[in-house]
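Take the sequence shown: its position 30, counted from the start at 1, is 110 in the working numbering, and no numbers get skipped.
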Amino acid sequence: MRLINGSRSLLLVIAGIAILAGAVGVFVALTPLRHVAPGCFWWTAKQVGDVAPGDRGCARGYVGAGGWLAEGTGSGQPTRYFSLADPDQRPKRGPCPFHPGDAVVVRYHAVFDDGQTIVVIDDCR
81 MRLINGSRSL
91 LLVIAGIAIL
101 AGAVGVFVAL
111 TPLRHVAPGC
121 FWWTAKQVGD
131 VAPGDRGCAR
141 GYVGAGGWLA
151 EGTGSGQPTR
161 YFSLADPDQR
171 PKRGPCPFHP
181 GDAVVVRYHA
191 VFDDGQTIVV
201 IDDCR
């Protein structure tokens with residue numbers, strides 16, 4: 081009887097560890113890691129649709145054709161135009177290695193110009 085109770089406890093511990101390892105594996109698999117700016121993390125970055133003028137920090141989204149970041153890959157998602165420099169300024173950095181559809185996290189500051197909020201990318205990968 082004592083051996084059976086000990087075996088059950090051991091099986092429960094092993095099952096718990098397996099479930100935890102599986103959850104960590106799913107978490108890592110669902111976290112985009114390729115285009116993440118240094119110091120930023122997908123799960124703590126602000127969604128691009130929540131970016132407002134004067135904000136700065138890390139923002140996440142999906143690259144759209146024509147210089148847009150969107151919250152998702154489907155149509156009708158909140159979007160923001162992105163730029164590598166403030167309006168009327170020359171870029172101080174090279175282009176980011178993004179392609180349409182890429183999931184990205186950028187370090188940014190946001191400005192308002194020409195009737196829209198623009199995500200000015202300070203750092204990208």
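We put the beta carbon where it would ideally sit given N, CA and C, even for glycine. From a predicted model like this one, the values you see are computed outputs, not experimental measurements.
C-beta atoms of residue i and residue j nearer than 8 Å
| i | j | result |
| --- | --- | --- |
| Val-206 | Leu-149 | Any answer about residue 206 is impossible in this case: the structure gives the chain only from 81 up to 205. |
| Ala-101 | Tyr-142 | no |
| Asp-166 | Val-186 | no |
| Pro-177 | Leu-164 | no |
| Tyr-161 | Gly-152 | no |
| His-189 | Arg-136 | yes |
Distance between residue j and residue i (C-alpha atoms, nearest Å)
| i | j | result |
| --- | --- | --- |
| Gly-144 | Ser-87 | 54 Å |
| Gly-181 | Gly-134 | 27 Å |
| Pro-158 | Val-131 | 10 Å |
| Asp-194 | Gly-119 | 30 Å |
| Pro-112 | Gly-156 | 22 Å |
| Ile-94 | Asp-202 | 46 Å |
| Arg-114 | Cys-204 | 10 Å |
Outcome for residue i when other beta-carbon atoms lying within 10 angstroms are tallied against a minimum of 16
| i | result |
| --- | --- |
| Ile-198 | buried |
| Ala-139 | buried |
Heavy atom of the ligand MG within 7 Å of residue i beta-carbon
| i | result |
| --- | --- |
| Asp-135 | No copy of the ligand MG occurs in the structure displayed, which carries no ligand at all. |
DSSP beta-bridge partners of residue i
| i | result |
| --- | --- |
| Cys-138 | Arg-187 |
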